[in-house]
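Below is one structure, written out as C-alpha cells; the observations come after it.
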Amino acid sequence: MRPLTDAQRATAVDLALAQGLIQRDERGEVVHAPLTLTPCPLPIETLAALEAQIQPWNVLTHRVASDLDFLRDSLERVRQSDRFIADLFDMLRVEETQAWRLLLTRSDYFMQNEPGRIGPRLCHVEHNTIAASYPGLSGKMASFHKTWLGLHPPGGVLVPNAPVEDMAQAVAEVVARYDHPRGVVLMIVQAGERNVFDQRILEQALAERGVRSLRLTLDELQARGRLREGHLAVDEEIAAVTYFRAGYGPNDLTTPEALAARRLIEHSSTVSVPDLATQLAGTKKVQQRLTVPDVLRAFVSEEEAQVLESAFVGLYELDHSVPPSGMPAWRLAMLQPERWVLKPQREGGGNNHYDAGMVEVLAKLSPEKRAAWVLMERIRPVPRQAALLNRGEEQHAEVVSEIGWFGTLFADGAEILRNEPSGYLVRTRPTEATESGVSAGYGHLDSLLVVD
Ligand code: ADP
Ligand code: MG
1 MRPLTDAQRA TAVDLALAQG LIQRDERGEV VHAPLTLTPC PLPIETLAAL
51 EAQIQPWNVL THRVASDLDF LRDSLERVRQ SDRFIADLFD MLRVEETQAW
101 RLLLTRSDYF MQNEPGRIGP RLCHVEHNTI AASYPGLSGK MASFHKTWLG
151 LHPPGGVLVP NAPVEDMAQA VAEVVARYDH PRGVVLMIVQ AGERNVFDQR
201 ILEQALAERG VRSLRLTLDE LQARGRLREG HLAVDEEIAA VTYFRAGYGP
251 NDLTTPEALA ARRLIEHSST VSVPDLATQL AGTKKVQQRL TVPDVLRAFV
301 SEEEAQVLES AFVGLYELDH SVPPSGMPAW RLAMLQPERW VLKPQREGGG
351 NNHYDAGMVE VLAKLSPEKR AAWVLMERIR PVPRQAALLN RGEEQHAEVV
401 SEIGWFGTLF ADGAEILRNE PSGYLVRTRP TEATESGVSA GYGHLDSLLV
451 VD
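Numbering (my numbering), first residue to last: 1 to 452.
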C-alpha cells in the first residue's frame, strides 16, 4: 500500500463527509469518524456463520430476561458487591406493566485462526442488550468503500448494509400497535454525546415511517415525565417506545433524579428498549453462566445451542477450577495473564483488564469481590494490514477487526412475533490496542468484503 497524495486524502475526507460519516470531537466540532480505506476481508462461510448467530442470541436473551429467578440466582453475589447492579435490581418491576418486549441488540465477534482448522473460527465477545451503537453510521461504510474504491474493490464483493432500516421498522411497528393513537419514541441520551449523528440517523429512519422522536437525558425526563393512566407521558406526548442510548453504566445513574426516571420508565407501560430484565440478561456474569451446556439448553433448542456454542470461548467465574490444571481461574490468570481478559459487569468499553494490569487487579480482589467479575479466554484475532483515516491523517498499520451483527426481536409474552438480523458493524483497530471504541479513538468504521 502506497501512501496517498494530499489530493487523494482530501478526496477520502470529502467522501466520508458526503456520506455523513461524522461525529463530534472533544470540543464539539464536527469531524469525520475514524474509518478504514481498505475493507475487512472475510470468507463467505464466515459471513453465513455470522448472520446465523443473531436470531438464536435474541431468542436466548428474551427467554433469560423472562426468567427473573434465573437472573436473581445468577447475579445474587454480584449484587452484594456491585452497587450499580444492585440499583438495577432494586428498580426491577414485580408487577407486569407491559407484556411486550422489543430487543434492538448487537452481538460482537472476532475471527481467530485455530490449529487444525481451515479458515478462521468466529469467536463471540459479547451480546449487547442496551444502547448497541452504530446502526446508523455503519450502514454508510459499504457505500463509502464502494465510491472510494471505484465501484469494484479488488479481490472481493462488498457486503451491503443498512441495519437502521430493520431497526426503525421494528420500532415503528411497535409504535403502531401501541395502545395510544399518538405515541412517540423517547430516546434516552447522554448530555454531550459525541456519537450523536448515529442516533439522528435512526431518528430520520423513524420519521420516514411517520414516527416522531423526542430526545431527553434521564434527568430531563425526571423533570418532564409522569405516569398518565399507566402510560409514560412527557409533557403532552405519550412515549410508546423508550429507547436507551444511555443508562448502561453507573455514571448515567448517579443522581436521585436519574434513578427516579429509570424507575418511572420501568413502571410505566412504555415499551422499554431494553427493560431492566433484558439489561440484566446482557451482563457478563449471565453470559458466563450461559456457557454451561445444560444452562444454555434450558433456554434454547439443541440446534440453537449448537449454533451459539460454535462461537463460544472459555468464560469462567474467578473461583471456578479450570480443567486440566484444577486451579481456580483467578490463580491461573495470575500465572498466565496473556491468556485471559478480566471483565467487570460494565458496558461501553474501557473497563476490562489485561496482562500486568490484570494481575494487579486480581491480587487486590477479596474473595467476596471476586464474584462480581468474570475471566474470559483472550481471543487473538486474525491480523491484516490496513490503511486507516483519522482526522484527515492516514496511517498504515497491522489491524484486527471486531464484527458486530445487529438484530431485532419483538415478543408478546412467550410468543416471538419478529426475529430478524438487521446488518453489521465492523470496527477495526491497530492490533496493539485492546479496545474497539470508535468515539474513544481506537476503532475505525469498516465494511465487509467477501473473498474467495
Ligand atoms: P463492553 O461491554 O464494555 O464493550 P466487551 O466485553 O465488549 O465490553 O469488551 C470490550 C472490548 O474488549 C471488546 O470490544 C474487545 O475489543 C475486547 N475484548 C473483550 N473480550 C475479549 C476477549 N475475550 N479477547 C480479546 N479481546 C476482548
Ligand atoms: Mg457491551
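No residue lacks a Cβ here, since even glycine has one placed at the ideal position from N, Cα and C.
- Using a Cβ-Cβ distance cut-off of 8 Å, the stretch 201 to 221 and the stretch 162 to 174 are in contact, since at least three pairs of beta carbons, one from each stretch, lie closer than that value.
- Judged by pairs of C-beta atoms under 8 Å, the stretch 412 to 423 does not touch the stretch 8 to 21, as fewer than three such pairs exist.
- Here the alpha carbons of MET1 and GLY247 stand approximately 42 Å from one another.
- Runs of the alpha helix (DSSP H) lying entirely within the stretch 24 to 89 and spanning at least 4 residues, in chain order: 44 to 51, 54 to 65, 68 to 81.
- Residues whose Cβ lies closer than 7 Å to any heavy atom of the ligand ADP, listed in chain order: ASP108, PHE110, VAL125, GLU126, ASN128, LYS284, VAL313, VAL341, LYS343, ARG346, GLU347, GLY348, GLY349, GLY350, ASN351, ASN352, MET376, GLU377, ARG378, ILE379, GLU402, THR434, GLU435, SER436.
- In this structure, the straight-line span from the alpha carbon of ALA33 to that of LEU21 is close to 6 Å.
- The C-alpha of GLU393 is placed about 49 Å away from the C-alpha of ASP67.
- Here HIS353 is buried, its C-beta having at least 16 other C-beta atoms within 10 Å.
- Annotation: the continuous alpha helix (DSSP H) that includes HIS145 extends over 141 to 148.
- Take the alpha-carbon of VAL313 and the one of PHE410: they are about 28 Å apart.
- Boundaries cannot be given for ALA440, as no beta strand (DSSP E) includes it and DSSP labels it neither H nor E.
- Nearest to GLY413 by C-alpha distance, out of THR5, LEU102, GLY28, VAL78, is LEU102.
- The three-state reading of DSSP puts ILE265 in helix, counting H, G and I together.
- If you compare the alpha carbons of MET141, PHE299, PRO430 with that of LEU445, the shortest gap goes to MET141.
- In the three-state scheme derived from DSSP, where H, G and I count as helix and E and B as strand, PHE244 is classed as strand.
- Secondary structure in the stretch 106 to 144: the beta strand (DSSP E) runs of 3 residues or longer, each lying completely within the stretch, are 121 to 128 in chain order.
- For the options ASN128, LEU375, ALA7, the alpha carbon positioned closest to that of SER321 is the one of LEU375.
- Exposed is the label assigned to ALA86, since fewer than 16 other Cβ atoms lie within 10 Å of its Cβ.
- Three or more beta-carbon pairs separated by less than 8 Å link the stretch 276 to 296 to the stretch 70 to 77, which places the two stretches in contact.
- The C-beta separation of GLU398 from PRO381 comes to about 11 Å, leaving the pair out of contact by the 8 Å criterion.
- ARG245 sits away from ALA162, with the two beta carbons spaced by 8 Å or more.
- The alpha-carbon separation between VAL211 and ALA371 amounts to approximately 43 Å.
- For the 8 Å CB-CB criterion, PRO39 and PHE406 do not form a contact.
- In the DSSP assignment, VAL322 is bridged to MET327.
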